[in-house]
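The sequence shown begins at 1 in this note's numbering and counts up by one. Worksheet: one structure, shown below.
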Amino acid sequence: MRIGDAAAAAGTTPRALRFYEERGLLPPPPRTATGQREYGVRDIARVRVIRELLAVGLTVGDVHRCADRLDTLMDAPPQQCRGLADADGGRGGEGVAARRLAALDAEIARLTALRERLAARVVPEAVPDRANSAGGAVKALPG
């Protein structure tokens, strides 16, 4: 199928398919006699895996580091795909998920500290409760 149909089938855009190809996430597809890309069912499945990994917080670089194992993710249930979660060194792609989880934990800690610093600078009764974050205006403390 041509790039527009393949993109629609994978839930993305032709531009994204070209981007994934340029970044080495998607192998270059065969081309027709007129030079148009031709995608197959496996390509669509691979793009769906790429999009899923990006949607859960991996970066394009993370996915690139484990690009050689994307076929495994296409063929096996997620709980059987340990290669992304392995924390020990080995190949460049191993530990990708563990490193991303650590980065997310660090970012959550940073944002939590930032929120606490901001909350300490406002009048306590004006700080909306986390459970009810639709609260009103926040008044700054004088000084």
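Cβ coordinates follow ideal geometry from the N, Cα and C atoms, glycine included.
Close beta carbons around residue i, own chain, < 6 Å, minus the five adjacent residues each side
i	result
alanine 33	none
glycine 4	Pro14
arginine 91	Its pLDDT being 49, under 50, arginine 91 is placed unreliably in this model, and the value from its coordinates should be taken loosely. Excluding residues within five positions, none has a Cβ falling inside 6 Å.
alanine 10	Ile44, Val47, Arg48
Contacts around residue i, its chain only, beta-carbon distance under 7 Å, and the 5 residues preceding and following it disregarded
i	result
arginine 100	Gly57, Leu58, Asp62
Alpha-carbon spacing of residue i relative to residue j, whole angstroms
i	j	result
glycine 35	glycine 24	20 Å
threonine 26	glycine 40	Checking the sequence, you will find leucine at residue 26 rather than threonine. Roughly 12 Å between the two C-alpha positions.
alanine 6	isoleucine 44	6 Å
glutamate 116	isoleucine 108	12 Å
alanine 113	leucine 104	14 Å
valine 122	alanine 106	25 Å
methionine 74	alanine 102	25 Å
arginine 65	arginine 110	26 Å
aspartate 68	alanine 8	24 Å
Whether residue i touches residue j by CB criterion (8 Å)
i	j	result
valine 60	leucine 17	no
valine 96	leucine 70	no
glutamate 38	proline 30	yes
arginine 51	threonine 12	yes
DSSP beta-bridge partners of residue i
i	result
arginine 37	Arg31
Residues of its chain near residue i, where Cβ-Cβ distance is below 8 Å and the 5 sequence neighbours each way are ignored
i	result
arginine 2	Gln36, Arg37, Glu38, Tyr39
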